[in-house]
Amino acid sequence: STEGPIDINMSEITMEDIHQFFSKDPSIKLGGHWKPSDCLPRWKVAILIPFRNRYEHLPVLFRHLIPMLQRQRLQFAFYVVEQAGNQPFNRAMLFNVGFREAMKDLDWDCLIFHDVDHIPENDRNYYGCGQMPRHFAAKLDKYMYLLPYNEFFGGVSGLTVEQFRKINGFPNAFWGWGGEDDDLWNRVQYAGYSVTRPEGDTGKYKSIPHHHRGEVQFLGR
């Protein structure tokens with residue numbers, strides 16, 4: 002069962018450490034795929050993580066997310082979608098690619114779009130989907146736990162497969178850092194959906210400190 006606030010541990014850890022730690026749990030299959038043995042999961046959740054060069058961040062995220070999702074009794078797997086080459090980062094396109102690949106594996110019904118540097122602070126922030134798209138990361142420490150603006154849809158968001166198909170996925174046009182979240186918000190509104198967020202402190206996240214090293218920011222907003 003869930004416990005509420007999570008003890009956040011940002012200390013460095015390697016993927017080898019993560020593998021060794023979780024390999025003791027035979028219920029975790031290849032690719033971080035897990036499902037509860039004592040109940041039928043309410044949602045089958047594919048967690049899509051866009052990735053480039055953040056090798057120190059990924060194991061820190063797994064350290065927190067895997068136990069949290071197990072406590073929430075969700076069936077889940079992780080899809081780390083890595084961008085190669087020197088082009089500006091295209092977070093949105095990576096999500097679209099991840100979606101297509103994930104659906105080849107299993108008939109997932111809930112999609113979580115998760116930045117690698119966002120660590121949930123409360124395990125009652127339930128990573129299932131709902132009748133409306135969900136913005137999980139409502140309160141981020143680097144924004145003083147305030148929403149930067151009402152249409153903000155960044156960091157961690159979730160849609161059912163049906164919702165994602167209805168809005169025609171993410172826009173592929175955003176090369177560089179930023180912009181795609183606002184476009185996604187507009188697509189959600191245009192499809193007749195509204196966005197829900199966790200109440201109170203449930204939607205708190207800590208961000209692993211980093212710099213957009215030499216990454217181009219999209220300035221079209």
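Sequential numbering from 2 applies to the sequence shown in this note's numbering.
The beta carbon of each residue, even a glycine, is placed where N, CA and C say it ideally should be.
Taking 8 angstroms as the upper bound for CB-CB distance, P6 and N123 are in contact here, some 6 angstroms apart.
Contact between G170 and F100 holds: CB atoms are separated by about 7 angstroms, below the 8 angstroms threshold. Of the other Cβ atoms in all chains shown, 16 or more fall within 10 Å of the Cβ of E181; this residue is therefore buried. Ranked by how close their Cα comes to the Cα of S158, the residues H34, I48, S28 and W35 have I48 in first place. Proximity to E57 across E152, M16 and F77 peaks at M16, based on C-alpha coordinates. In this structure, D202 sits near K140, with a CB-CB distance shorter than 9 angstroms. Scanning L66, G33, S38 and M133 for the CA closest to the CA of D106 turns up G33. Rounded to whole angstroms, the gap between the alpha carbons of I9 and H65 is 8 angstroms.
A check of alpha carbon separations from I67 across V189, R166 and Y128 identifies Y128 as the nearest. No Cβ-Cβ contact shorter than 9 angstroms links I14 with D116.
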